[in-house]
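If you're matching positions, the sequence shown starts at 12 in my numbering and goes up one per residue.
C-beta: ideal position from N, C-alpha, C; glycine also.
One structure is given here, and the rest of the page talks about it.
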Amino acid sequence: MRDFLESAVIGFNSFVIIYFLALNSLYLVIVLIAARAQRRAQRMSSETALEDLFANPLTPGVSVLVPAYNEEPSIVSSVHSILDLRYPQLEVVIVDDGSTDGTFDVLQQEFELQASTRVAAGVVETVGTVNSVHISRDGQIVVIRKENARRRGDALNVALEYSRYPLVCMIDADSVLEKDALMHVVRPFVDDPERVAASGGAIRPINGCPTERGMILEKRLPKAWAPRIQVVEYLRSFLLGRVGWSAFNGLMIISGAFGLFRRDLVQQIGGMTADSLAEDADLVNGLHYRLRKEKQDYRIVFVPHPVCWTEVPENLKILSRQRRRWSHGLLEVLWRFRAMIANPRYGRMGMLVLPYYLVFELLTPIVEILGLICLPMGLAFGILNWQAAVLYALVAIGYGILLSVVAIAVDDVSYKTYRRWKDLGILLVAAFLENFGFRQLHAFWRLRGLWSGIRGSNAAWGEMPRVGFKDTSGAATN
């Protein structure tokens, strides 16, 4: 029995080391591809090109879709940030998804909304009953009040039904966009109108940044360590990771916090899957599935330059709920599109991207948690030596820290988002701290989300309490 136990512990420990070596090496390749693509994107970007885009009468109109549930602290600031965007033709379609706070009241007071008889297009199926429609005097803001269906996807489908422009931009109600962000993500549609189906932009945490009327006054790091660690996560995964996948048309996710899509294609696939916990990934994979199946030549791109700032959880309880939902949602998406996995008909998506997400995203918390149990047990019983522990630490933890440091360095060289040396030092410390405590908690949260998905639990979008942005013109952002 002891011989079997020794063989099992040694074998599994070797597997864990090889697993994390493969995972981190693959991710390093993705980050290096992203760094090269990012430099190329910077060379191609110019103020003249944006001015031409702004003046071009053929630049397509954009409907910005904003689902809002109990967003009273930040909704007005978010809408102002959209209205202040430098873009020639846009409308803001807000869905008040059964809010129980003053979300609609602050919108009505700020933008002088009036009741409207505008009707839905009737193309995409929706769930929650629409109670009323309200439009601002200039027609640029549309607010739809509906019953809450506890699904963000349904709110987006309702917004899609009431939108009117050929491109739809989906953002979170707690998001703030930089002034030229929309023009940057629209540019691929203008440069390649026949092939581009969707584009996404970079996301950054807004916690700690002072704002005024929905505009970032100064880019600062959060004061608490939990959101600081999330800044590092967003740099590594939401920026460089997605730039790397986009380089060979393998983008699986465009964040729901900031994504732009062709309205007709979204309608053709039936809009968002209302009962999905990962409707952003579900939508992107739905486009891949349909367009690959129809053998169309298309692109889904990620533009690293435009920045969308969004509030991230500062409370570990709320953060755990978010990460459990993400893990559960990833399982839903991979199961829904399982026909694509390892299927050469779907090209790189089927043969590389989805298998990667299955093996190295969905299953990672299982490997990590078992590794954390197996390693100390092996040391305690004398089955493993300290050299094995050091090797594990170097491959699983040291390599992970290296990836974060590379991501921080690439961002600093390319954009210098945080200009103070102190901020750079804080990010490096956060990259280190992430691997001692936070990472293990994160693995546990993801494992719980995976387990709830396997059990078929009827999970739903939970409410994330908002503290609001640090607005210099008053408390919160109201």
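Specify the secondary structure class of residue 223 as computed by DSSP and reduced to three states. strand
Residue 489 to residue 100 span [Cα, whole Å]: Low confidence applies to residue 489: its pLDDT is 42, below 50, so where it sits in the model is not reliable, and the reading given next is rough at best. Each residue's alpha carbon lies about 26 angstroms from the other.
Can you give me the C-alpha to C-alpha distance between residue 236 and residue 21, rounded to a whole angstrom? Using only the alpha carbons, I get a separation of about 36 angstroms.
Note down, one range per segment and in chain order, each alpha helix (DSSP H) of at least 4 residues found wholly within the segment 285-362. 290-304, 327-347
How would you call residue 284, buried or exposed, if buried means at least 16 neighbouring beta carbons within 10 angstroms? buried
Identity of the residue in 421, 36, 90 nearest residue 223 by Cα: The option with the nearest alpha carbon to residue 223 is 90.
With a 10 Å radius around its C-beta and 16 neighbouring C-beta atoms as the bar for buried, classify residue 259 as buried or exposed. exposed
Which two residues bound the contiguous alpha helix (DSSP H) that contains residue 165? Unbroken alpha helix (DSSP H) run through residue 165: 163-173.
From 239, 396, 447, pick the residue whose C-alpha is nearest to that of residue 323; which is it? 239
Alpha carbon to alpha carbon, how far is residue 83 from residue 10? Give it in angstroms, no decimals. In this structure the chain extends from 12 to 489, so residue 10 is not present and cannot be described.
Which runs of the beta strand (DSSP E) at least 3 residues long sit entirely within the segment 43-103? Give them in chain order. 73-79
Whole angstroms are fine: how far does the CA of residue 401 sit from the CA of residue 24? 12 angstroms
Start and end of the beta strand (DSSP E) containing residue 181? 178-182
Can you round the beta-carbon distance between residue 287 and residue 457 to whole angstroms, since I take them to be within the 8 angstroms contact cut? The beta-carbon separation of residue 287 and residue 457, rounded to 18 angstroms, does not stay under the 8 angstroms limit for a contact.
Provide the residue(s) that pair with residue 188 in DSSP beta bridges, ordered along the chain. 319
How far does the beta strand (DSSP E) with residue 210 in it reach, from first residue to last? Membership of residue 210 in the beta strand (DSSP E) is indicated by the continuous run 207-216.
Where the alpha helix (DSSP H) through residue 242 begins and ends: 236-244
Whole-angstrom Cβ separation of residue 45 and residue 255, contact assumed at under 8 angstroms? 4 angstroms
May I ask whether a heavy atom of the ligand FMN can be found less than 7 angstroms away from the beta carbon of residue 268? Absent from the structure shown: the ligand FMN. Ligands present: none.
Could you spell out where the beta strand (DSSP E) holding residue 272 opens and where it closes? 269-273
Measuring CB to CB, does residue 139 end up less than 8 angstroms from residue 165? In this structure, residue 165 lies closer than 8 angstroms to residue 139 by Cβ.
Measuring only the C-alpha atoms, how far is residue 29 from residue 378? 11 angstroms
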